[in-house]
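Each residue of the sequence shown is one higher than the one before, counting from 166 in the working numbering. By construction, the Cβ of each residue, glycine as well, lies at the ideal position given by its N, Cα and C atoms. Note that this is a predicted model, so its numbers are computed, not measured. First up is the structure itself, then whatever we jot down about it.
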Amino acid sequence: MDKHVVVTGGAQGIGKAICQAFLEEGDWVSPWDIDNEALLELEEEWHAWRDRILPVSCDVSSYEAVHKAKNFLTQKWSKVDVLVNNAGVFIHKPLLELTEEEWDWVLGVNLKSIFLLAQALLPLMPHGASILNIASTRALMSEANTEAYSASKGGVLALTHALAISLGPRKIRVNAISPGWIEVSSWKKKRERQEPFLRPIDHLQHPAQRVGKPEDIASLCVFLASEKAGFITGAQVVVDGGMTRKMIYAE
Ligand code: NAD
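Given below as structure tokens:
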């Protein structure tokens, strides 16, 4: 209750579910997103929570944009108790076709943004604050043609333990969550929203017998940001229905 929570990429998908979970706890939430249409929809949809929402338009991969957003935030908020670095982009492209610009875009949004946000918001973070970084099971395993994304998420895990060590003396905990397959189509902005289309095999191939939901990640964020998780820092929690524990050698 009464935590002030910044969620990057908070206007859609997993980030939106994370915002909703903290709002349901009675906390204050500031979604930072590059998609202004999705941010506007969020404000309309969550009108009842308008006093506790501070939407911020921001490209989190840009130093200038992050500092502008921080200056805007500090006109309304005097502290940030929880920073959830969730914004992420994915690219699936053969190595020989991947451009330098695409590599920089993926690394900028998925990895550099965490450095920028942590650095910009640290002065606002009191003892007991925490940072949650959304990585991916693709930090641990790969399909072909995903070099930029996998490298960015591997970097998120390393940056998480580096920050956990550096910020420990300030009593700030830093943890990573690695989601597996999370179905987000019903959490998109209206124009892109869809009913999830999932086959039985999509669910049943998971040891947990189902594909993941954004709420699976959101509820863990609320726990990791709470006092109950006070001895957890520098950790990675894999939330993938057991897929990375499953042997897949052909019979
Ligand atoms: P999504 O595309 O539904 O939502 C991402 C949000 O980030 C969007 O609102 C988008 O506008 C915003 N965003 C993109 N670039 C931005 C930028 N430069 N600045 C600010 N905001 C930006 O994605 P999602 O599936 O909800 O994924 C959320 C996070 O979870 C990502 O980090 C992703 O890599 C990770 N993840 C997702 C899955 C999955 O199956 N959905 C699996 C593993 C990890």
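> Taking the beta strand (DSSP E) that A394 falls in, what are its first and last residues?
Replying inline: Your numbering for residue 394 matches position 229 in the sequence shown. Looking at the DSSP string, A394 is not in any beta strand (DSSP E), and its letter there is neither H nor E.
> Counting along the chain, where does the alpha helix (DSSP H) carrying W242 start and finish?
Replying inline: Within the sequence shown, numbered from 1, the residue matching residue 242 stands at position 77. Note, W242: premise wrong, no alpha helix (DSSP H); not H, not E.
>> By DSSP's criteria, H169 is part of a beta bridge. Which residues make up the other side?
In response: Taking the first residue of the sequence shown as 1, we reach residue 169 at position 4. H169 pairs with W193.
> Going by Cα to Cα distance, which pick from A230, S295, W214 is closest to K393?
Replying inline: Counted from its first residue, the sequence shown places residue 393 at position 228. For K393, the nearest C-alpha among the options comes from S295.
>> When you compare the region 306 to 315 with the region 342 to 354, are there three or more beta-carbon pairs, one atom per stretch, that lie closer than 8 Å?
In response: no
>> What residue range does the beta strand (DSSP E) around I279 cover?
In response: If you number the sequence shown from 1, residue 279 lands on position 114. I279 -> not in any beta strand (DSSP E); alpha helix (DSSP H) instead, spanning 278 to 286.
>> At a threshold of 8 Å, does D198 count as lining ligand 1 (C-beta to nearest heavy atom)?
In response: As a first step, residue 198 must be located in the sequence shown, where it is residue number 33. Yes, since a heavy atom of ligand 1 falls inside the 8 Å radius drawn around the Cβ of D198.
>> Which residue wins for smallest C-alpha separation from P288, given the options R335, G377, E267?
In response: On the sequence shown, residue 288 is found 123 positions in, with the first residue counted as 1. Out of R335, G377, E267, R335 has the C-alpha closest to the C-alpha of P288.
>> For G175, would you say it is in contact with chain C, using Cβ-to-Cβ distances shorter than 9 Å as the test?
In response: The structure shown contains no chain C; it holds only a single protein chain.
> At a cut-off of 8 Å, is Y414 close to ligand 1 when judged by its beta-carbon and the heavy atoms of the ligand?
Replying inline: Position 249 of the sequence shown holds residue 414. No.
> Given 8 Å as the limit, is there contact between the region 391 to 410 and the region 201 to 221, that is, 3 or more CB pairs closer than that?
Replying inline: no
>> Can you look up I417 in the DSSP assignment and give me helix, strand or coil?
In response: Residue 417 cannot be examined here, being either before or after the span of the chain that is shown, 166 to 416.
> Based on Cα-Cα distance, which residue from F255, K411, L286 lies nearest to F237?
Replying inline: Sequence index remark: in the sequence shown, residue 237 carries index 72 (1-based). It is L286.
>> Using the Cβ count rule (16 or more neighbours within 10 Å means buried), how would you classify I366?
In response: By 1-based counting over the sequence shown, the position of residue 366 is 201. Exposed, because fewer than 16 other Cβ atoms sit within 10 Å of the Cβ of I366.
>> Within a Cβ cutoff of 8 Å, which residues of the same chain sit near D167, ignoring the five residues on either side of it in sequence?
In response: Taking the first residue of the sequence shown as position 1, residue 167 is located at position 2. Taken in chain order, the residues that qualify are G191, D192, W193.
> I think T155 touches S278, with their Cβ atoms under 8 Å apart; what is that distance to the nearest whole Å?
Replying inline: Since the first and last residues shown for the chain are 166 and 416, residue 155 lies out of range.
> Any idea if L385 is buried or exposed, counting beta-carbon neighbours within 10 angstroms, 16 or more meaning buried?
Replying inline: If you number the sequence shown from 1, residue 385 lands on position 220. L385 should be labelled buried.
>> For I299, tell me which candidate among L328, N340, P259, H292 has the shortest Cα-Cα distance.
In response: Counted from its first residue, the sequence shown places residue 299 at position 134. Answer by Cα proximity: N340.
> Rounded C-beta distance between V387 and F187? I'm assuming under 8 Å.
Replying inline: What you label residue 387 is simply residue 222 of the sequence shown in a count that begins at 1. What you label residue 187 is simply residue 22 of the sequence shown in a count that begins at 1. Yes, they are in contact, since the Cβ atoms of V387 and F187 sit about 6 Å apart, within 8 Å.
> By Cβ distance below 6 Å, which residues in the same chain neighbour N275 in space, the five residues on each side in sequence not counted?
Replying inline: By 1-based counting over the sequence shown, the position of residue 275 is 110. Excluding positions up to five away in sequence, the list reads G253, S317.
>> For ligand 1, I want to know if N310 counts as a neighbour, meaning its beta carbon is within less than 8 Å of at least one of the ligand's heavy atoms.
In response: Position 145 of the sequence shown, counted from the start, is the residue given in the question as residue 310. No, the beta carbon of N310 sits no closer than 8 Å to any heavy atom of ligand 1.
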